[in-house]
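In this note's numbering, the protein residues as written are 1 to 157.
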């Protein structure tokens, strides 16, 4: 007799952990400030969410996990990793039909990653695009969620 869970049970738990870790990481990312322990938790949760989405998610989940990873790494000042993840996410939304909020998020996170890596031109370009796209969001909930993330992105200059 094996103690291993049935595949469908395992899939259910992967999805549960993906959602929980994703939501916790975003809550921490949207805070105006975080302690070093909260930064560490944010990063661990973002990576855990990506791991669990890799097991049970779709291509869209993987792209959204990359957006979160880009944001988390940018917020802790790891510009190199932030850019890697943000570019991965941006490539996805550029190559696939994506909802406006997701495109705005990808621009915002790429701007934040560029700022963390001191790439001023890239930062300025994507900041302006994120601001324009985010300002054009018509769904109140999408706009509120976008603004919670966008306010963490430093303005160029």
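No residue lacks a Cβ here, since even glycine has one placed at the ideal position from N, Cα and C.
Exercise. Straight-line CA distance for residue 145 to residue 154?
Worked result: 17 angstroms
Exercise. Relative to the alpha-carbon of residue 69, which residue among 53, 59, 92, 43 has its alpha-carbon at the smallest distance?
Worked result: 43
For this session: Please confirm whether any heavy atom of the ligand GDP lies closer than 7 angstroms to the CB of residue 5.
Result: Of the ligands one can find in the structure shown there are none, so the ligand GDP has no counterpart to examine.
Problem set entry | Cβ separation of residue 72 and residue 46, assumed to be a contact under 8 angstroms, to the nearest whole Å | 4 angstroms
Exercise. Relative to the C-alpha of residue 135, which residue among 37, 101, 121, 8 is closest?
Worked result: 101
Exercise. What alpha helix (DSSP H) runs, 4 residues minimum, are completely inside the stretch 54–81?
Worked result: 59–75
Problem set entry | Span separating the alpha-carbon of residue 137 from that of residue 124 | 20 angstroms
For this session: Drop a sphere of 10 angstroms on the beta-carbon of residue 79, count the other beta-carbons inside from all chains shown, and report buried for 16 or more, exposed for fewer.
Result: buried
Exercise. What number of angstroms, rounded off, separates the C-alpha of residue 121 from the C-alpha of residue 156?
Worked result: 9 angstroms
Exercise. Since residue 103 is in the alpha helix (DSSP H), which residue starts that stretch and which ends it?
Worked result: 100–116
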